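Please read the structure below before turning to the comments.
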Amino acid sequence: MYESFYNLQGRPFQLTPDPRFYFSSRTHKKAMAYLTYGLNQGEGFIIVTGDIGTGKTTLVRHLFETLDRNEFIAAMIVSTQLSAEDLLRSVVAAFGLDAQAEDKGQLLARLEKYLREQFRMGRRALLVVDEAQNLSNAALEEMRMLSNFQEGDKALLQSFLVGQPEFRERIFAAPELEQLRQRVIATHHLDPMEEEELAGYIEHRLRLVGWDNDPCFTAEAVEAIYQHSAGVPRRLNTLCSRILLYGSLEEIHTIDADTVAAVIADMASDTRQVTPTSSAMPRSQPVNLQNDPSLPLEKVGQPSEGKDGGKSKASGKGSEEMENRLNQLETMMKSQDETLKQLTNLMAQLAGGGSKDEK
């Protein structure tokens, strides 16, 4: 919708990872350096972690775009709570092989044969596991076993493991993963972008879809976008996409801080929900003071007495607040009674006047 208004050739801030929109921020540049180092080593594991939305998948797809297909054969799988054997089948299938086999031994033999063939053709095999935090320890041990495939002193398969921060913590804490840890040659954590990188990020994505400075973003708008997104690419994309939509609807060509604030408010209203009541804490029921026989009316709003006739330790502030509310209620009821009396008298007068007229 906003594409036509701003004469764009596509959506610059789509959420689907697209290597075409890869932006080389400081943290992504450092991650690429580690991945390239790993490729040059030709063995071991590289671990890249990052919070949700920091661009891990886009980084991996950008890496694939840079690989020489004559030198590398690359495959990627997305882990979804795979068992060790299911992981093996996924790896076999990711390299384009038939994963239907009677047993694990056949799968391993099929994969090893393929890797040796590729090696003899001068091609190295790279496997990337995305969402690696979902792998069980048994599946990770299976990954380590796959790294044992060798031709002479050369590894036939190299693996990059990409996941959320807790994955790296588990790798370096679990005793049963000691052998895998010894084969990790580098790790990197993707941080959010820094504030001074944000303007370049926005412009980079816009120019890829034919942006010609319409709309333009003020420095204050960029600062407001950073404050809301904290430099996380996915949050940035979500907000900027909504800004362009809002701008096209309002026919805005200069995005300023007020525009950003209006969009943030709209997004907040979209997601605002009533906080659910916990099942462990039953919802409090309103007390009907008039129908509560356990409490004499003269005691309403007064501190309760214990068995010894003394005052309870309930908060005096709460009792005072209750008494004030009751006083307000009493005043309101008196006012309503007075109004009702006046209305009754008026109706009586009207009725009396009507009777005289009839006579």
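In my numbering, the protein residues as written are 11 to 369. Here a beta-carbon is modelled for each residue, glycine too, at the ideal position from N, C-alpha and C. These numbers were taken from a predicted model, which means no experiment stands behind them.
Out of the options, state which residue places its alpha-carbon closest to the alpha-carbon of residue i.
i	options	result
residue 171	271, 87, 222	87
residue 117	130, 129, 97, 128	97
residue 104	113, 136, 112, 129	136
residue 195	70, 50, 16	50
residue 82	100, 129, 58, 64	129
residue 160	183, 127, 145, 176	127
residue 30	265, 64, 215	215
residue 270	162, 166, 233	233
residue 166	34, 217, 53, 213	53
residue 265	235, 131, 275	235
residue 179	207, 142, 163, 162	142
residue 14	261, 111, 112, 75	261
Round the Cβ separation of residue i and residue j to the nearest angstrom and send it over; I've been treating them as touching at under 8 Å.
i	j	result
residue 62	residue 44	With a Cβ gap of about 21 Å, residue 62 and residue 44 do not count as contacting.
residue 184	residue 93	Their Cβ separation, rounded to whole angstroms, is 17 Å, which puts residue 184 and residue 93 out of contact at 8 Å.
Would residue i pass as a contact of residue j if the rule is Cβ separation under 8 Å?
i	j	result
residue 91	residue 134	no
residue 89	residue 140	yes
residue 114	residue 95	yes
residue 32	residue 225	no
residue 18	residue 257	no
residue 182	residue 59	no
residue 38	residue 69	yes
residue 203	residue 34	no
residue 186	residue 147	yes
residue 64	residue 255	no
Distance check for residue j and residue i, CA to CA, integer angstroms please.
i	j	result
residue 41	residue 198	6 Å
residue 245	residue 77	29 Å
residue 241	residue 80	37 Å
residue 46	residue 222	35 Å
residue 85	residue 138	6 Å
residue 12	residue 173	34 Å
residue 237	residue 205	9 Å
residue 109	residue 100	7 Å
residue 212	residue 218	10 Å
residue 278	residue 239	13 Å
residue 106	residue 125	12 Å
residue 207	residue 274	21 Å
residue 267	residue 163	59 Å
residue 152	residue 210	42 Å
residue 259	residue 175	39 Å
residue 243	residue 131	39 Å
residue 48	residue 102	22 Å
residue 75	residue 112	35 Å
residue 276	residue 71	33 Å
residue 280	residue 272	13 Å
Hey, does residue i have any beta-carbon neighbour from chain C nearer than 8 Å?
i	result
residue 57	Reference to chain C is not applicable here, since this structure consists of a single protein chain.
(message) Using a Cβ distance threshold of 8 Å, determine whether the segment 21-33 contacts the segment 247-256, with at least three qualifying pairs required.
(response) yes
(request) Pair every Cβ in the segment 154-165 with every Cβ in the segment 120-139, then say whether three or more of these pairs are closer than 8 Å. (result) yes
(message) Contact between the segment 229-237 and the segment 180-192 is defined here as three or more beta-carbon pairs at a separation below 8 Å; is this criterion met?
(response) No: fewer than three Cβ pairs fall under 8 Å.
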